[in-house]
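Using my numbering, the first residue of the sequence shown is number 1412, and each one after it goes up by one.
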Amino acid sequence: MPDTGRSVHAIPITLEAAHSSAQYEVLVGAGLLSGCAERLSRACPAHRYAIISDDRVQPLYASVLRENLAADGMQSDVFTFPAGEEHKTRATWAAVTDAMLAAGLGRDTAVVALGGGVVGDLAGFVAATYMRGLPVAQVPTTLLAMIDASVGGKTAVDTPAGKNLVGAFHQPAVVLADPTVLRTLPDEHFRSGLAEAVKHGAIADSDHLAWIAAATTSLLSGDSDALVELIVRSVQIKADFVSRDERETGPRKALNFGHTIGHAVEAVSGFRLLHGEAVAIGMAVEASIGEAIGVTRHGTAARLREILLHIGLPVAVPPELSREEILRSTRTDKKARAGRVEYALIEELGQAGAEGSWGYAVEDEVVRGVLGDGAPTSD
Ligand SMILES: NC(=O)c1ccc[n+]([C@@H]2O[C@H](COP(=O)([O-])OP(=O)(O)OC[C@H]3O[C@@H](n4cnc5c(N)ncnc54)[C@H](O)[C@@H]3O)[C@@H](O)[C@H]2O)c1
Ligand SMILES: [Zn+2]
């Protein structure tokens, strides 16, 4: 039985940017999915709902959503594409929008993105562009999507030249995060999502970080209360950074902690590592880089590694990955400016951006020194 009687937490998101402003809520609650029609119709009233999902999530959760909408007299259509990052493409965008056109969906439609970050990004981009823009409700089904991808309004598809290179900012009308759906999520994807929660703690809240370390067993066993607590605090942290800086010129950069090395390691591994696994390695390495240049308090990297290892995440660059290729890859990252690569570092656990510095240009030599010939040591 769905436990809809439990409380629902609402995290308000307010964004004020030069060309857009938005206000919406991220709702977090166990059992939320099975009572969502009213919330959907209130946040994004529409004549029809286009549920966009992938072929793993659709068989698990689309019918709950559709039956719920139907019970409230709301019409919906489901559009499904094959699961996986390799399908977050313009071709899939074209296929989905063509199918929506063929189904006769007009401007009075709202999109419901039901899935992980891949679905959220693709469906969000469909919503941003279909008939010059439809409202979108994000219904994230991975931990990563709940605490990261569905908050902040970034939507995109990948191109052969790189990930997320074609997209738009398009804020959702509402985000519905029901942690009970995480019970079917493969374990490695769950741990990978936890890496982003660790990041949120590391940049903004050492208590949250300590709580994650203490609650790891409950979280991994799918305890609903622990999951709600995790998601609510992580979303608050991300929302806080995003609200202060929608387009990533200042505070939002802190969310890139672990991502300069993380993206490079992910790419050089040929995407064999999951994003969160690469970010875990990235955070461990970048904490050491911070210590090497005197930005990060000594001992931070060791404690961070300890927490990540406890969760079951990797903290060292796999020995078979070329250090030089990783360095080369950091230079092609969007954060590279004027020859030196910019890193979002933390000063200590729970703190980034002290004294207004959100990015530090780091010389390759320093990074080379930390990467060494093999895995960084656990000093
Ligand atoms: N827009 C943003 O701000 C932002 C932020 C971070 C990441 N992203 C994007 O998110 C994507 C990664 O997202 P992800 O890690 O959620 O991957 P994903 O969407 O590929 O999901 C991982 C796998 O789990 C399956 N799945 C999803 N929910 C499930 C469930 N409840 N039960 C069983 N299986 C389930 C999916 O079908 C997929 O096979 C990347 O494309 C990344 O670029 C976007
Ligand atoms: Zn990330």
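Just so you know, even glycine gets a beta-carbon here, dropped at the ideal spot from N, CA and C.
Item	Value
When DSSP builds the beta bridges, which residues end up paired with Leu1426?	Ala1433
So what does Ile1463 bridge to, in DSSP terms?	Phe1490 and Ala1524
DSSP on Leu1576, reduced to helix/strand/coil?	strand
Within 10 angstroms of the Cβ of Ala1505, are there 16 or more other Cβ atoms? Answer buried if so, exposed if not.	exposed
Got a sec: does ligand 1 put a non-hydrogen atom nearer than 8 Å to the Cβ of Thr1354?	The structure shown does not extend to residue 1354, since the chain is modelled only from 1412 through 1790, so no value can be given for it.
So Gly1578 packs on Thr1566, CB below 8 Å; how close in whole Å?	5 Å
Beta carbon of Glu1607: closer than 8 Å to some heavy atom of ligand 2?	yes
State the Cα-Cα distance for the pair Ala1794 and Lys1610, rounded to the nearest angstrom.	Given that the chain is displayed from residue 1412 to residue 1790, the structure contains no residue 1794 and the question cannot be resolved.
With DSSP as the reference, identify every bridge partner of Asp1569, one or two as the case may be.	Thr1500
At a threshold of 8 Å, does Leu1630 count as lining ligand 1 (C-beta to nearest heavy atom)?	no
Please indicate yes or no: does the CB of Asp1559 lie closer than 8 Å to some heavy atom of ligand 2?	yes
Can Gly1578 be considered in contact with ligand 2, in the sense that its beta carbon sits closer than 8 Å to one or more heavy atoms?	no
Ligand 2 and His1686: does any heavy atom of the ligand fall closer than 8 Å to the residue's C-beta?	yes
Measuring CB atoms only, is the stretch 1615 to 1631 touching the stretch 1717 to 1725, in the sense that at least three cross pairs come out at less than 8 Å?	yes
Starting from the C-beta of Leu1684, find all residues in its chain whose C-beta is less than 6 Å away, skip the five residues before and the five after it, and write them out in chain order.	Glu1677
Closest to Gly1440 by C-alpha separation, out of Val1550, Ile1614 and Ser1740, would be which residue?	Val1550
Rounded to a whole number of angstroms, what is the C-alpha to C-alpha distance between Leu1732 and Ala1572?	21 Å
By Cβ distance below 7 Å, which residues in the same chain neighbour Thr1491 in space, the five residues on each side in sequence not counted?	Ser1464, Asp1465, Asp1466 and Gln1469
Which residue or residues does DSSP assign as beta-bridge partners of Ile1757?	Ala1763
Can you list, in chain order, the residues of its chain whose CB lies under 6 Å from that of Val1643, leaving out five sequence neighbours each side?	His1420 and Val1439
Cβ of Leu1443 within 9 Å of Cβ of Ala1588?	yes
Assign Glu1697 to buried or exposed, taking buried as 16 or more other Cβ atoms, counted over all protein chains shown, within 10 Å of its Cβ.	buried
Tell me whether Leu1512 is buried or exposed, calling it buried when 16 or more other Cβ atoms sit within 10 Å of its Cβ.	exposed
Going by alpha carbons, who is nearest to Phe1601 out of His1670, Ser1632 and Ser1740?	Ser1632
Would you kindly check if the distance between the Cβ of Ala1556 and the Cβ of Ile1614 is under 9 Å?	no
If we ignore side chains and look at the alpha-carbon of each, how far apart do Thr1595 and Glu1774 end up?	43 Å
Name the two residues that bound the continuous alpha helix (DSSP H) containing Ala1556.	No alpha helix (DSSP H) holds Ala1556; DSSP gives it neither H nor E.
Using the C-alpha atoms, what's the distance from Ala1637 back to Ser1629?	7 Å
Could you give the distance in angstroms between the alpha-carbon of Gly1647 and the alpha-carbon of Leu1738?	The amino acid at residue 1647 is misidentified as Gly; the sequence shows Gln. Going from the Cα of Gln1647 to the Cα of Leu1738 covers about 33 Å.
In its own chain, which residues sit with a C-beta less than 7 Å from the C-beta of Ala1786, not counting the 5 before and 5 after it?	The predicted position of Ala1786 is uncertain, since its pLDDT is 47 and thus under 50; a value taken from the coordinates is nonetheless stated next. Excluding residues within five positions, the ones whose Cβ falls inside 7 Å are Ala1727, Val1728 and Pro1730.
Of the choices Ser1654, Thr1520 and Thr1553, whose alpha-carbon is the least far from that of Asp1532?	Thr1553
Could you check which residue in Ile1692, Gly1495, Met1542 and Glu1758 has the C-alpha nearest to that of Thr1711?	Glu1758
What does the Cβ neighbour count give for Leu1593, buried or exposed, with the cut at 16 atoms within 10 Å?	buried
Taking 8 Å as the line, does the beta carbon of His1611 fall inside it for any heavy atom of ligand 2?	no
If you compare alpha carbons, which of Glu1478, His1458 and Leu1724 is closest to Ser1603?	Leu1724
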